[in-house]
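A.B. asks:
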Amino acid sequence: MKNKTTSVLRLLAAVASLAILGAVTSTLHAQDAPAAPAPTPVAFTNAPAAAQSAYLLAALTNGDPTPTNIAPVAVAGHTAWMMVSAALVLLMTLPGLALFYGGLVRSKNVLSMLAMCLGITGLVAIIWWAVGYSLVFGTNFASPFIGGSEFFFLKGIDSAPNTSYAYWIPQNVFCIFQLTFAIITPALIFGATAERLKFTALMAFVGLWMFVVYFPLAHMVWGATGLMNGVWNADAKIPAIDFAGGTVVHMSSGWSALILCILLGKRVGHGKEPMPPHSLVLTMIGTGLLWVGWYGFNAGSALAADSVAANAFLTTTLATAVAAFVWPLLEFILKGKPSVLGMCSGAVAGLVVITPACGFVNTTGAVIIGVVAGVVPYFAVTVVKHLFKYDDALDTFGIHGVGGTVGALLTGVLVNPSVNGNLVSDAYAAKNGLKAAIESHSLIVAQAKAAGITIALAVVGTIIITLIVKLLIGLRPTDEAEHQGLDITDHGEEGYTH
Amino acid sequence: MKNKTTSVLRLLAAVASLAILGAVTSTLHAQDAPAAPAPTPVAFTNAPAAAQSAYLLAALTNGDPTPTNIAPVAVAGHTAWMMVSAALVLLMTLPGLALFYGGLVRSKNVLSMLAMCLGITGLVAIIWWAVGYSLVFGTNFASPFIGGSEFFFLKGIDSAPNTSYAYWIPQNVFCIFQLTFAIITPALIFGATAERLKFTALMAFVGLWMFVVYFPLAHMVWGATGLMNGVWNADAKIPAIDFAGGTVVHMSSGWSALILCILLGKRVGHGKEPMPPHSLVLTMIGTGLLWVGWYGFNAGSALAADSVAANAFLTTTLATAVAAFVWPLLEFILKGKPSVLGMCSGAVAGLVVITPACGFVNTTGAVIIGVVAGVVPYFAVTVVKHLFKYDDALDTFGIHGVGGTVGALLTGVLVNPSVNGNLVSDAYAAKNGLKAAIESHSLIVAQAKAAGITIALAVVGTIIITLIVKLLIGLRPTDEAEHQGLDITDHGEEGYTH
Amino acid sequence: MKNKTTSVLRLLAAVASLAILGAVTSTLHAQDAPAAPAPTPVAFTNAPAAAQSAYLLAALTNGDPTPTNIAPVAVAGHTAWMMVSAALVLLMTLPGLALFYGGLVRSKNVLSMLAMCLGITGLVAIIWWAVGYSLVFGTNFASPFIGGSEFFFLKGIDSAPNTSYAYWIPQNVFCIFQLTFAIITPALIFGATAERLKFTALMAFVGLWMFVVYFPLAHMVWGATGLMNGVWNADAKIPAIDFAGGTVVHMSSGWSALILCILLGKRVGHGKEPMPPHSLVLTMIGTGLLWVGWYGFNAGSALAADSVAANAFLTTTLATAVAAFVWPLLEFILKGKPSVLGMCSGAVAGLVVITPACGFVNTTGAVIIGVVAGVVPYFAVTVVKHLFKYDDALDTFGIHGVGGTVGALLTGVLVNPSVNGNLVSDAYAAKNGLKAAIESHSLIVAQAKAAGITIALAVVGTIIITLIVKLLIGLRPTDEAEHQGLDITDHGEEGYTH
Amino acid sequence: MKKIEAIIKPFKLEEVKDALSELGIEGMTVTEVKGFGRQKGHTEIYRGSEYTVDFLPKIKIEIVVADGALEGAVAAIVKTAKTGKIGDGKVFVLPVENAVRIRTDETGDKAV
Amino acid sequence: MKKIEAIIKPFKLEEVKDALSELGIEGMTVTEVKGFGRQKGHTEIYRGSEYTVDFLPKIKIEIVVADGALEGAVAAIVKTAKTGKIGDGKVFVLPVENAVRIRTDETGDKAV
Amino acid sequence: MKKIEAIIKPFKLEEVKDALSELGIEGMTVTEVKGFGRQKGHTEIYRGSEYTVDFLPKIKIEIVVADGALEGAVAAIVKTAKTGKIGDGKVFVLPVENAVRIRTDETGDKAV
Ligand SMILES: Nc1ncnc2c1ncn2[C@@H]1O[C@H](COP(=O)(O)OP(=O)(O)O)[C@@H](O)[C@H]1O
Ligand SMILES: Nc1ncnc2c1ncn2[C@@H]1O[C@H](COP(=O)(O)OP(=O)(O)O)[C@@H](O)[C@H]1O
Ligand SMILES: Nc1ncnc2c1ncn2[C@@H]1O[C@H](COP(=O)(O)OP(=O)(O)O)[C@@H](O)[C@H]1O
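Residue numbers (the numbering used here), protein chains in the order written: chain A, 50 to 547; chain B, 50 to 547; chain C, 50 to 547; chain D, 9 to 120; chain E, 9 to 120; chain F, 9 to 120.
1. Show which residues of chain B have a CB atom less than 9 Å away from the CB atom of F93 (chain C).
2. Quick one, which of C:M165, C:T546, C:D284, C:Y344 has its alpha-carbon nearest S134 (chain A)'s?
3. Please work out which residues of its chain come closer than 8 Å, Cβ to Cβ, to A361 (chain B), disregarding the five sequence neighbours upstream and downstream, and give them in chain order.
4. Does any residue of chain B bring its CB to less than 8 Å from the CB of I53 (chain D)?
5. Pull the bridge partners of R109 (chain F) from the DSSP assignment, please.
6. Quick one: what does DSSP say S208 (chain C) is sitting in, helix, strand or coil?
7. Note down, in chain order, all residues in the segment 30–43 of chain D with a beta-carbon under 9 Å from any beta-carbon belonging to chain F.
8. Does K90 (chain F) have its Cβ less than 8 Å from a Cβ in chain E?
9. Let me make sure I understand the geometry here. Which of D:I67, D:T60, D:V99, D:G95 has the alpha-carbon closest to that of E79 (chain D)?
10. CB of L64 (chain F) to nearest heavy atom of ligand 3: below 7 Å?
11. F19 (chain E) versus chain D: which residues are under 9 Å apart at the beta carbon?
12. Could you check the C-alpha separation between K286 (chain B) and W376 (chain B) for me, to the nearest Å?
13. Let's see if you can read the secondary structure: which residues bound the beta strand (DSSP E) around R59 (chain F)?
14. Hey, would you say the C-beta of E40 (chain D) is under 7 Å away from at least one heavy atom of ligand 1?
15. Please report the distance separating the alpha-carbon of T94 (chain A) from that of A98 (chain B).
16. From T364 (chain C) to L459 (chain B), what does the alpha carbon distance come to, in whole angstroms?
17. Could you tell me the boundaries of the alpha helix (DSSP H) in which M36 (chain D) lies?
18. Taking the alpha-carbon of D475 (chain B) as reference, which of B:I175, B:K204, B:S467, B:K484 has the nearest alpha-carbon?
19. Can you give me the Cβ contacts of A84 (chain E) inside the same chain, cut-off strictly under 7 Å, excluding the 5 residues immediately before and after it?
20. Should the segment 432–443 of chain C be called in touch with the segment 312–319 of chain C, which here means at least 3 C-beta pairs below 8 Å?
21. Rounded to a whole number of angstroms, what is the C-alpha to C-alpha distance between K321 (chain B) and T60 (chain E)?
22. Suppose the cutoff is 6 Å on Cβ atoms and the five residues either side in sequence are ignored; what does the same chain contact list for T454 (chain B) look like?
23. Is the segment 507–524 of chain C close to the segment 301–311 of chain C, with three or more CB pairs under 8 Å?
24. Taking the beta strand (DSSP E) that E52 (chain E) belongs to, which residues open and close that run?
25. Tell me whether G345 (chain C) sits in a helix, a strand or coil according to DSSP, three-state version.
26. Report the rounded CA-to-CA distance for G187 (chain C) versus I206 (chain C), giving the unit in angstroms.
27. Less than 7 Å separating the Cβ of D113 (chain D) from some heavy atom of ligand 3?
28. Say whether chain F places a C-beta atom closer than 8 Å to the C-beta of K98 (chain E).
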């Protein structure tokens, strides 16, 4: 057993080293993005009639208002959609993920999953307010790796748009929308470590992980000066694309989960006692809410209620439905019975794999992704996990780690600029090489680099943080406490009483 | 007993025959709708200023842009609303209906209800992508009974509007919105057959039923060339109206449910063992989610965030709340205790009955519908069912079949063109006779014809499909398996473990 | 015990009397608001091009269209947002609050909480349709205390905007949005009286309470001629502000709850038998849905998808997340274990306290409110309640009463006109003294008056209503019935069967 | 006095109860239990983890009867609970030394 | 040694437990059961289907005591569990032949 | 025949069952119970209301065996259920007068 663990860790270390090497090489020449000199905007009422009309049409269709020289403002339709989207992504965590995970553990640990989701929400929101948003979406450090300090404590953030990210939505709503991503990402990790990680250790881990893994990664992928922001950073050294978080959300959490669950060790009784889900009903409610909420996550990532959002809406639905069908179909073929957990797992896998691709692929791409999402994570969860014998309790790695990685790579293959003009924009994609990569069908190289960097950061970051937390707080409850369940030992409550 | 069944079936056969006769007569002279010659549109920037302004106002209020001669595009406010609506209707199935039904069965069958909803979602989405959408909303077959082949595999469907259906929303979102209807409709059926239908048989039934019942019916009612599409097809032979699916969704599923549950036979132990709902808490959660999701279903059926949607929003709320009050009031008067199940049943009945009417009636009409919806299905469920002794386990027929039929007819009585100008439009309603029917207060004739055709199609279709599935796969599990519960026998899982 | 109750009641009576005195004094000189003479509006197509453009921009950004002299209409983006908001607020009650409260009671009373929420929804909707909306938002009584009769039975209410309240949304949607507030407010009360109030008594109480407390209070605070409507009534005698219902919703329900639970007496076995929550899982689901739904409540109260809504969205999120973190932090420090119930309680407390302030304070104000919301209700619930020994079963007073009062007062301190220009508008705030109060940092005086009037009305109203209901129907079930649980005795059902 | 403990299949409960009522037996106590026996269980699979579930839901009925009523009661249970299929369950008889009715303090045969 | 099996009303559990603790009884085992007896049940109606529910929630307490402690324990239970209303429940006494404390292998009276 | 009633810690169930199966014991009945004993409980706090929970989840195993199998079965249970920590539980032995297998009407030792 010890040997197995060691060899897995060794393998990972090798992957990580290579990835880091790649990342460093790719970014040696990273430079500050030159600020475009903005002309003085005119007031709407002073603009010529044609400009006014063009401006209004742009406002309705998420067009670029720059030619009109009128400053964009928060506009009803897009603002409505982004508020809805932010609420939907919050719904994914509270109570979506809480129920999805909560149903899968034994009833004595159900509250520990709910507390995890609630606790992370509070903690991450506070960090986000203080520094997090700024470290991801600020730019005054002019760094491809991390944002800036200009928005610390959300200074200056109001309902005016931040046009580095979107023309027609208020920055404060953008900030909360992004917060909901920063909340669910670390929460995903703790499916792998379910039923055996102390709550205090969990919270400490999250506090560190945001700084070491999430903020840098999110900036690299989505920040205006980010290293791998192929769509919106003309200076991106790695012109990779990730529509809604294949790397930032799923790979980062999935790979961190793998490492953390290996370092943590298996649950007491693992492999001896049966540990079936205590309520697949909760898990199914969670799945439904995750699916519905994911429309905010994916279509909301267009940052407007526009054509790209509409495309993401369609592709998300198709990929998810197909995967939700394929996974239980495999069960039916291989084991004889299609299960509810299989359907739920397939749905989530579909959502995960389409995430980075949803705004970049067409209908056919979505169906292909759905099939792959129903097959690859299925085997990751039912075969690979048992082969390597790590206790990824609720299959965070199998679904989010593997699915996210597959999605990031598939996005490079199935990308289709006809659904999203930004993929070949003159302002960005033509400059940083994204357009060229797409036209030469070689985008997968950039995608692989981005995936490698993500894995490297998640693996190395998690190892370091885990060791720190272990030293300072310790990771596991006593065996006695683990038998009794974390609900009573960590929270002094029971999930259910009669 | 045998005799009872036979006589019920006979009665139904009679009704069905008459209805078919009516349908055939009405449609003998169906012809192809002549395609309106479209003038070449001008680009927005080239249009005169007045046209631009008119166009923009139309975009904001779901007006008709044809006079401006500028091609409509997907516009933020409507697109946002339709994405929300589609998500809300999906929420109705996952997890809304799953919980509503899941709570009503015994705990050993709870997963079978969840699997039903999830399985249908996957299967129907795949069929929809391949051919379903096209068979309903395509037009190249130029048939009043079925759509076309032009959209097979969603070919050519992108974020541009399909102006046969709506001016200002992307067709891909329209396609998914309609998919969510195609998902929930068959799922409703299996309330009637709960606790005793094999999962494989269920899935086979759905696969056939979509083609035999749903696609033709949805095209007839909502397709641009549909037989009974009074509002949007100038050539509709039967100028009936159905705002959000009284016939297409509730009658089709409700009447199919009646037939299927009779053919299937009663649950083992029915009438001997008590079979109370295992969790009214789940049922109530489901009710809440159905109600909330139904706003997407009803107000979303305006296909825009416009005045008609707003009216549907109001009428849906009033009818539902009134019915949710009247049903338990009846219980209180007749039995002494208002029950939670009664409140939930009343709410769903209200939602069902207002569905075809919501965009066509005013406030007072909605309140009347609410009262009727609280009374008629109440007696259908508590009296009629026991009289005829069929085992409509979760009352799909009593609520959706009866409620849908009542709603379709009441719509003909309470219709009020002042809330929806399309009811008397020159382009369609004046041509196909809808306007005349409304003005002469004889719309109920068309409504009755539409209801008759729906019943006929559902009854005959279900009989045929059921016989096929029975032959090929068999319908029921063994008695042993039924005792053990479908969760273990069909899905190899348990809903709850301790 | 008797003595304790008496002294509490005495204290309250004193507070109430003082408050009434204040209210009467403040309003002696209330006069009819003079109707502004409206110029004849021009049709959009006849307006000059500049007016058209200005009008369209106003439509997109919730601007004032008066200068353009074109009548405002329902516009897609705002209409979409308000339909979503109304649906979200309904979700807060069905099933949000039902689950939040339902999880906290013992399982034999879970249905009584669900029935309460469903029953109130039906009853209040019917009253609202008949007279309620009119009594709150009508104006033809020209009274600062109550609305008018012009909208009885929703006469004349259609999809045109009512510009006394909002320019760009349909009045029918506004009406339903406000209905959802009128539903959840009385439902909050019955957390305090859980497990021991007869259902019939509860319904009778609600029927009276709406007329005695809610309609007058809502008119005073939000009606166009309301006594304390500082933002929108130029003649408001008390220029107080309450963005989304600190007084109208939380204080009114919270203080009524305190009185009612004292008059009702404690649960049988209170303090002897353990009465732990039967399912914190339900409570947590409820919390998640409340939080998500509250975005409709708070940001929806902007009555548009505009900058103010966006600000409310941000402040709501921050205050809630901070409070959800601070409450369990206190538990951790004082008791050693952060609990899920603590996290849920903190979240709800944060939502309550930010409610009146959300559209009026900035980021920093929100964080301060979050901290206060995590601390003050915590002590109200864990210390004050035990000191005074009233049985506020689910802490309605501790969270909504105390939290609402704190929020109303803090709003006066933290108010910041830079996030909401209406606070210093020439049309209203400059006339009624709101602007002056804000500029002189003395708004807390008006806020205290408004709070005093609210408490007075709630306390006196509740005492009177309770006595009436006690006389006519009786309040409590027999001890036997209370032991058995209200689900069986009042509703003839069980929440769960196996 | 004797105590009868019968383990039966859950769906037989109503029938057994009715049969006992007809015999004039006015009280019994019922518990949901899990039974392990010759009746084989089933396999559940959760994402590749297979569990053999040998413990099947059963109902335990406990009845304390006067000695004279024993035989009839046991016979009634055996008759109505029988399906002839494996897993039908068992009836055990145990001696009881005393019984008290809490409400009345009656003891012995009068208490049951 | 004797085994006491008491069927009581659920809300009496705390009181009974406290009374027994005061007697120095340090162990007991409690089960949620359903009781059928003279106490009449209630009717539940689900959409027109009426069910008579005769099985009411009860608590079963099992205590094994040394012979000497029997009488006191039974008396304490009867006293504290009594409400005087129908359905208060029963106390049964059964003979026990041996007891083992798993932790220590102690047997007999020392084990309870 | 004897009836063994063993109260054990829940997570020991599988092990005990396997040990008994190896001895050739083919049937048993299991109930989820709550135990009160020397093992101390824990405190739960719900918004300032503190409850001491003394009733801990335990599993009760009931096995009726022929007299000859008694000793082995008890020993196996005690051995596998032991953790050495307080709260390991008890084994009680009660006399059984008869057993019937419902399916076959077999009685006595053949029935178990
Ligand atoms: N020796 C035993 N002691 C206690 N309970 C037993 C014993 N043998 C069987 N049971 C109970 O009886 C049930 C049925 O027994 P099983 O062997 O499956 O079938 P059958 O009764 O038809 O022989 C078991 O599930 C178990 O609950
Ligand atoms: N003969 C019996 N055997 C086993 N349990 C019994 C018997 N008679 C009664 N009980 C249990 O005692 C409970 C109370 O009995 P019941 O007849 O309702 O009232 P009372 O104890 O006041 O006479 C029943 O619900 C049942 O659980
Ligand atoms: N006298 C008794 N009668 C019935 N059950 C008992 C008795 N004493 C203990 N038990 C059961 O045994 C369990 C373990 O007992 P406890 O005193 O906690 O530890 P130990 O068995 O290590 O002495 C208790 O939880 C209870 O279920």
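Cβ atoms here follow ideal geometry from the backbone N, Cα and C, with glycine treated the same way.
C.D. replies: If we stick to the structure as given:
1. As a working mapping, residue 93 (chain C) is identified with position 44 in the third sequence. Here the neighbours are S102, A103, L106.
2. Indexing the first sequence from 1 puts residue 134 (chain A) at position 85. Comparing Cα positions, the closest option is C:Y344.
3. By 1-based counting over the second sequence, the position of residue 361 (chain B) is 312. Excluding residues within five positions, the ones whose Cβ falls inside 8 Å are F292, A293, N347, A348, S350, A351, C407, G408.
4. Taking the first residue of the fourth sequence as 1, we reach residue 53 (chain D) at position 45. At least one chain B Cβ lies under 8 Å of I53 (chain D).
5. Here residue 109 (chain F) refers to the residue found at position 101 when the sixth sequence is read from its first residue. R109 (chain F) is bridged to D:K98.
6. Position 159 of the third sequence, counted from the start, is the residue given in the question as residue 208 (chain C). DSSP places S208 (chain C) in coil when its eight states are reduced to three.
7. T39, E40, V41, K42, G43
8. Position 82 of the sixth sequence, counting from 1, holds the residue named residue 90 (chain F). Closer than 8 Å: yes.
9. On the fourth sequence, residue 79 (chain D) is found 71 positions in, with the first residue counted as 1. Comparing Cα positions, the closest option is D:V99.
10. For the purposes of this step, residue 64 (chain F) is taken as residue 56 along the sixth sequence, with counting starting at 1. At least one heavy atom of ligand 3 is nearer than 7 Å to the Cβ of L64 (chain F), so yes.
11. Translated into positions along the fifth sequence, residue 19 (chain E) becomes position 11. Here the premise fails: no neighbours, minimum Cβ distance about 14 Å.
12. Sequence index remark: in the second sequence, residue 286 (chain B) carries index 237 (1-based). Sequence index remark: in the second sequence, residue 376 (chain B) carries index 327 (1-based). Each residue's alpha carbon lies about 38 Å from the other.
13. Your numbering for residue 59 (chain F) matches position 51 in the sixth sequence. According to the sequence shown, residue 59 (chain F) is Tyr rather than Arg. 57–61 is the span of the beta strand (DSSP E), which, as asked, contains Y59 (chain F).
14. In the fourth sequence, residue 40 (chain D) corresponds to position 32, counting from 1. Checking the Cβ of E40 (chain D) against ligand 1 gives no.
15. As a working note, residue 94 (chain A) is residue 45 in the first sequence. As a working note, residue 98 (chain B) is residue 49 in the second sequence. Their backbone Cα atoms lie some 15 Å apart in a straight line.
16. Counted from its first residue, the third sequence places residue 364 (chain C) at position 315. Counted from its first residue, the second sequence places residue 459 (chain B) at position 410. The alpha-carbon atoms of T364 (chain C) and L459 (chain B) are separated by roughly 46 Å.
17. Stepping through the fourth sequence from its first residue, residue 36 (chain D) is reached at position 28. Premise fails: M36 (chain D) lies in the beta strand (DSSP E), 36–44, not in any alpha helix (DSSP H).
18. As a working note, residue 475 (chain B) is residue 426 in the second sequence. For the residues B:I175, B:K204, B:S467, B:K484, the minimum Cα distance to D475 (chain B) belongs to B:K484.
19. Start at 1 with the first residue of the fifth sequence, and residue 84 (chain E) comes out as number 76. These residues qualify, in order along the chain: A27, L28, L31.
20. yes
21. In the second sequence, counting from the first residue as 1, residue 321 (chain B) sits at position 272. In the fifth sequence, counting from the first residue as 1, residue 60 (chain E) sits at position 52. Those two C-alpha atoms are separated by around 12 Å.
22. For the purposes of this step, residue 454 (chain B) is identified with residue 405 of the second sequence, where counting begins at 1. M300, A500, listed in sequence order.
23. yes
24. Along the fifth sequence, read from residue 1 onward, the residue named residue 52 (chain E) stands at position 44. Where E52 (chain E) is concerned, the enclosing beta strand (DSSP E) stretches over 50–54.
25. As a working mapping, residue 345 (chain C) is identified with position 296 in the third sequence. DSSP places G345 (chain C) in helix when its eight states are reduced to three.
26. Position 138 of the third sequence, counted from the start, is the residue given in the question as residue 187 (chain C). Position 157 of the third sequence, counted from the start, is the residue given in the question as residue 206 (chain C). If you take the alpha carbons of G187 (chain C) and I206 (chain C), they lie about 11 Å apart.
27. Residue numbering aside, residue 113 (chain D) sits at position 105 when the fourth sequence is read from its first letter. No, Cβ of D113 (chain D) sits at least 7 Å from all heavy atoms of ligand 3.
28. Mapped onto the fifth sequence, residue 98 (chain E) falls at position 90. Not an interface residue.
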